[in-house]
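Heads up: the structure comes next, in structure tokens.
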Amino acid sequence: KITRGLAGVMKNMNTVKLGVTMDKFETLIGDMDVTTATMESSFETVNASTTPSDQVDELMQQVADQHDLELFEDSSAPTRAPKLPEAQKTAAPVQSEEDALAARLAALQAS
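At the far end of the sequence shown sits residue 989, using this note's numbering, and the numbering has no gaps.
Here it is in structure tokens:
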């Protein structure tokens with residue numbers, strides 16, 4: 879309906895009618911934005927409420943276990959970084975591997 883009205887106004891180049899038609903168009907777009915936002919909010923609420931919290935907690939615990947993290951009871955609290963001894967254990971093999979590579983490079987350069 880708006881497009882047909884706009885086509886008729888464009889033929890006559892009546893700027894007043896063109897302005898009125900564009901205002902109607904902007905109003906319709908605004909209404910559609912509000913409707914879309916309301917629907918998205920409703921869908922998010924439905925999706926969030928249908929996900930069982932025990933499954934979410936279980937998944938969070940699995941991820942925490944895989945990455946050596948501790949979960950707090952308060953879900954808004956941040957998780958801790960890996961424990962320092964574990965980080966040191968993983969750093970030591972990397973350092974010895976770098977030393978071995980450096981030794982091999984030195985041996986190749988010497989020959």
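Every residue gets a Cβ at the ideal spot worked out from N, C-alpha and C, and that includes glycine.
In this text, all values refer to a predicted model and were calculated from it rather than measured experimentally.
Drop a sphere of 10 angstroms on the beta-carbon of residue i, count the other beta-carbons inside from all chains shown, and report buried for 16 or more, exposed for fewer.
i, result
"S953", "Residue confidence is low: S953 scores 49 on pLDDT, short of 50, so the model does not pin down where it sits. Its coordinate-derived value is still stated next. Classification for S953: exposed."
"T913", "exposed"
Can you give me the start and stop residues for the alpha helix (DSSP H) that residue i sits inside?
i, result
"S931", "931-944"
Using CA coordinates, which residue listed in the options is at the minimum distance from residue i?
i, options, result
"M900", "D909, K889, L884", "L884"
"D935", "A985, E922, L949, V924", "L949"
"T881", "V894, K902, T893", "K902"
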